[in-house]
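Count along the sequence shown from 1, add 44, and you get the number used in the numbering used here.
Reviewing the structure listed below.
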Amino acid sequence: SFQQTQDNVIPRYVRVNTLKTTLDDVIDYLKREGFSYQGTAMCLEDLDHLTGKTFLCDLHLKDLLVFSAKTDFHDHFLYKAGHIILQDKASCLPAFLLNPPVGGHVIDACAAPGNKTSHLAAIMKNKGKLFAFDLDAKRLSTMSTLLLRAGVTCHQLANQDFLKVDPQSSEYKEVEYILLDPSCSGSGMVCLRDEVSEPQEDGRLQALAAFQLHCLNHALQFPQVQRVVYSTCSIHPQENEEVVSACLQQNPGFRLVHLLPNWHERGHDPFTQCLRASTEKTRTHGFFVAMLERCPPQTDGEN
Ligand code: SAM
45 SFQQTQDNVI PRYVRVNTLK TTLDDVIDYL KREGFSYQGT AMCLEDLDHL TGKTFLCDLH
105 LKDLLVFSAK TDFHDHFLYK AGHIILQDKA SCLPAFLLNP PVGGHVIDAC AAPGNKTSHL
165 AAIMKNKGKL FAFDLDAKRL STMSTLLLRA GVTCHQLANQ DFLKVDPQSS EYKEVEYILL
225 DPSCSGSGMV CLRDEVSEPQ EDGRLQALAA FQLHCLNHAL QFPQVQRVVY STCSIHPQEN
285 EEVVSACLQQ NPGFRLVHLL PNWHERGHDP FTQCLRASTE KTRTHGFFVA MLERCPPQTD
345 GEN
């Protein structure tokens, strides 16, 4: 008979949409419905003990709740009203780590269907400018619906190839933060893993990696950009550490930021400033996140 070991199970993660509600209000609402709140997780194993209607706050990300894997919120009022977003923990990392300021100018380069865009808007408290691009018109129309439901208003959506967005345009002259979550092989998605488990066709990975590097290099061309978060839901080093490595070689004015010191699964050596995620070690889908920042201007040491 089929038995899944606990460390292969991804719990149900629920991000509270602070544009519409608060963490406390969602917790109270769920308690009134018979859910049992157990406080903040202290370690990974706490997540494995969730059963029935018990839930926790996540140990790394604020405004993220964790339920047992079988909990389904798709028909729930809080989901339909945009008060909660059903988003894997790993995919909450990029916006959380980029952490743009309220009122900032931000680009979400490959944005549809927009879960990270709505997360960025929540962090920005809907103030400032959030430029979101995607090449795929159909995914963008799904995204409009999602952003409307989430109460996002600070965005400007464009059906545009990010690689053709002109970094010198005066529209983007104040952009300091860029989130880049480009198309990837998806090899970290547990539901896809069976389909992708045969060795990836090398040519396909190479083409994806070339596209990803091109996008990352393009992001660094924006004149005021200070921080760029690069993420994929791939487990292949070719799409992750190797893209970052090539980009740093080509852009000596940027360096990696050491992310979340208390996150144990790190980028492959020597890119340990970056994060990896997996079902086994972080109870999430397979994921990779890097953050590049502009190096401070060189001084000649005379003052
Ligand atoms: N960030 C999204 C989210 O959290 O909901 C998921 C993005 S998905 C991994 C990658 C997206 O990149 C796809 O929607 C795809 O249409 C888009 N894309 C691919 N090539 C692009 C390009 N050259 N410019 C802009 N978007 C592109």
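Even for Gly, the Cβ is constructed at its ideal location relative to N, Cα and C.
Source: prediction; values computed, not measured.
Asked	Found
Between the CA atoms of H163 and S213 - distance to the nearest angstrom	26 Å
Unbroken alpha helix (DSSP H) run spanning Y73, endpoints	L67 to R76
Pair within 8 Å by beta-carbon distance, P138 and K106	no
Contact set for I54: own chain, Cβ-Cβ below 8 Å, skip 5 residues either direction	A113, D132, V234, T323, R327, T328 and H329
Reference E77; option with closest CA among H120, A125 and K64	H120
Meets three-Cβ-pair contact criterion under 8 Å: the stretch 276-294 and the stretch 148-155	no
Counterpart residues of S268 in DSSP-defined beta bridges	What sits at residue 268 in the sequence shown is Gln, not Ser. DSSP, once it has assigned bridges, lists no residue as partnering Q268.
Alpha-carbon spacing of L111 relative to R59, whole angstroms	In the sequence as displayed, the identity of residue 111 is Phe instead of Leu. Taking the straight line joining both Cα atoms gives about 11 Å.
DSSP state of M335 mapped onto helix, strand, coil	strand
Cα-Cα separation between H199 and F255, rounded to whole angstroms	25 Å
The ligand SAM heavy atom lying under 7 Å from the CB of F175	no
Cα-Cα separation, Y57 to L122	14 Å
Close Cβ partners of Q47 (< 6 Å) along its chain, the five nearest in sequence each way excluded	At Q47, the pLDDT of 45 sits below 50, so the modelled position is not reliable and the matter cannot be decided from this model.
Own chain, CB closer than 8 Å to P157, minus 5 neighbours either side, in chain order	R183, T186, M187 and L190
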